[in-house]
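Below is one structure, written out as structure tokens, with a few remarks after it.
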Amino acid sequence: MVQRSTAANCSVQPRFKSIIKYCYTKSSIIFEDRADYGPSWNQHSNIYKPEFTYKSAKELQSFPFYGTVDIYSGGGYVVELIGPKTEVDDKLNEIKKMNWIDRRTRALILEFSAYNAFANLFVFGRISFEFPTESGVIAKAWFQPMNLLRYHTVNGQFLQFCEIVFYLYTLTFILKEIRNVRRQGFRKYIRQFWSLIEICIILLAIVISVVYVKIYGDTKQVLQIFEKSNGNEFTNLSSIGAWYQTYEILLGFLTFLAIFKFIKILRFNRHIATINATFELVRGKLLWFAVVFFLSFTAFCSGLYLSMSSTMEIYKSMGNTFQNTFEMLLGKYDFSKLRESDRILAPFFVFLFFVTTSFVLLDLCISILMESFKQVRKDAGNHADDYELWRFMQARFRNVLLGDRRAQVQSLDVDQQANDYSFYDKFDYKFNLIVAKIDRLVD
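Under the working numbering, the residues of the sequence shown are numbered 6 to 448, in order.
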């Protein structure tokens, strides 16, 4: 498949028109050629050639994608290389004689699908060769492995059982939250932090289920096409690959929220309860801090994108810029490459970024947490009943299941627990140790 730019999509200064007769800009989606042609890109020919007929992304069941130079719509002029090697060679020689690749070609894209029976994995591959207006060729490869036939393995039935349990749990959580809304009222319910977490988990579970059904349906269609053509027709897995990648990202977010929910489940533990109470007390301030941090972080990402996108591959898109800037915040970056790209702006950006994030915003976040932590430490006796329940559950577990009759439920001295700051002193020490490590990492 080739991507072409429209003819005369940039203007030439009048003084140079006698020397420069052709001018083409980048083949972005705006300037992409979508017209149909005859052989050798003849606009006035009545001879139909599929290699010179434009096919949209919808016809090809494809998606827009990023290259190194431009963004491409997923459509283009397609040649299918299917059949014996002699037929493929003849097809390549034919399109070569008809100048299928000419001066208006901005990208040559090779797409293929493969299946490994041993690993039971599908792979969609895309290798692009981009032709910048400055001349030259830039190659880029991208591969998306996918496990689409999950039920054909030894653990297929167990996987189906787990999926049924997942759907039942999702339905149970939905009914549970509806009951909580009716009992508490919508306004009171929506103001609770853990209610928002539950809503996010339910929404992600529903969206993941829909995406999974979409992937399953598209996979069945692809397999039907493969069986009918006996492998002699190209089956484009680009669309399935995009949905599969979305499915994995959403599943990662769902897993994170489910693990984060353990803070609520383990609230009977004194240490976990202290952390939970600290975040509950400071959630309003942390929300405003998150807004300030996001605005500052976005400003730095925009500056890096505008100044470095033309010289560094990792800043070619805003998505990659956000990812690499966050890695820079963690200390994972190559300063020498940044300095080579721009000896003035790069050091200035790095210095200003670390001063703003590490010395200003991070210290502000620590101050907010420590202020809340001190308040929770003063009110340590308010959660004595929860700790008493936790000790009771531990003792009963030992008595019933482990046969440890020596385990007894001990009473909890609230005054003694409120005045016992050994745990909090250790927490202060570890917290200061983390801050010191962050400072050394920045230095």
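Every residue gets a Cβ at the ideal spot worked out from N, C-alpha and C, and that includes glycine.
Note that this is a predicted model, so its numbers are computed, not measured.
Taking a cut-off of 8 Å for Cβ pairs, the stretch 64 to 83 and the stretch 137 to 147 touch, as three or more such pairs fall below it. One alpha carbon belongs to residue 227, the other to residue 300, and they sit about 44 Å apart.
Residue environment: residue 9 is assigned as buried (16 or more neighbouring CB atoms within 10 Å of its CB, all protein chains considered). If you compare the alpha carbons of 348, 277, 296 with that of residue 312, the shortest gap goes to 348. Listed in chain order, the non-local C-beta contacts of residue 210 below 6 Å within the same chain comprise 175, local neighbours out to five positions each way being set aside. Checking the DSSP bridge columns, you'll see residue 121 partnered with 126. With at least 16 other beta carbons inside 10 angstroms of its own, residue 240 counts as buried. Looking at the DSSP output, residue 115 bridges to 132. If the five residues before and after residue 344 are omitted, its C-beta is found closer than 8 Å to the C-beta atoms of 351, 352, all from its own chain and listed in chain order. Put simply, of 67, 337, 213, 65 the residue whose alpha carbon is nearest the alpha carbon of residue 168 is 213. Cβ-Cβ distances below 6 Å link residue 81 to 6, 7, 8 in the same chain, with the five nearest sequence neighbours on each side left out; the list follows chain order.
Separation of residue 314 and residue 382 (C-alpha to C-alpha, rounded to the nearest whole angstrom) is 48 Å. Judged by beta-carbon spacing, residue 84 lies beyond the 7 Å limit of residue 116, meaning their Cβ atoms are not closer than that value.
Taking a C-beta distance under 7 Å as the contact criterion, residue 373 and residue 290 qualify as a contact pair. The Cβ atoms of residue 366 and residue 261 do not sit closer than 7 Å to each other. Residue 201 holds the alpha-carbon nearest to the alpha-carbon of residue 263 among 107, 247, 201, 278. Beta-bridge pairing by DSSP links residue 9 to 110.
The residues 45, in chain order, have a CB closer than 6 Å to that of residue 104 in the same chain once the five nearest residues on each side in sequence are set aside. Under the DSSP assignment, residue 143 falls in the beta strand (DSSP E) whose first and last residues are 143 to 151. Membership of residue 345 in the alpha helix (DSSP H) is indicated by the continuous run 340 to 346.
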